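**Student:** Provided herewith is a single structure, encoded as structure tokens, for subsequent inquiry.
In this note's numbering, the protein residues as written are 2 to 117.
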């Protein structure tokens with residue numbers, strides 16, 4: 002049985018939940034949220050889960066260059082390493098590219114299923 006996860010983000014982490022109930026507003030919630038995402042990725046990799054990632058609309062002008070770079074870095078590091086025939090990290094700027102990315106991921110999952 003194959004264990005596969007697809008992680009997608011627009012790079013705007015859900016910081017409202019990063020500190021839990023009663024968390025101080027002065028805490029760096031963005032950093033905490035990224036750290037939570039990194040921990041989830043590490044745990045999935047430890048459990049031998051194949052991870053595909055998609056960055057959606059990461060070039061949104063509302064995002065700072067730092068936020069954009071951090072999101073891309075997190076997604077690239079989280080994704081399972083590419084092989085000669087399988088790609089695991091995708092970027093999609095719009096709905097059409099997102100549909101294409103999911104199509105490629107579906108085909109890659111089929112390849113994984115057949116090869117195992």
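Positions of the beta carbon are idealized from the N, C-alpha and C atoms, including for glycine.
Note that the structure is predicted; figures quoted are calculated from it, not measured.
1. Give the straight-line distance between the Cα atoms of residue 13 and residue 104, rounded to the nearest whole angstrom.
2. Note the first and the last residue of the continuous beta strand (DSSP E) segment covering residue 54.
3. Using only CA atoms, which one of 79, 107, 108 lies nearest to residue 46?
4. Count the other CB atoms, across all protein chains shown, that sit within 10 Å of the CB of residue 27; report buried if there are 16 or more and exposed otherwise.
5. Helix or strand or just coil, what does DSSP make of residue 10?
**Tutor:** On the basis of the coordinates in this document:
1. 24 Å
2. Run containing residue 54: 51-57, per the beta strand (DSSP E) assignment.
3. 79
4. With a pLDDT of 43 at residue 27, under the threshold of 50, the predicted position of this residue should be treated as unreliable, though the coordinate-derived value follows. Classification for residue 27: exposed.
5. strand
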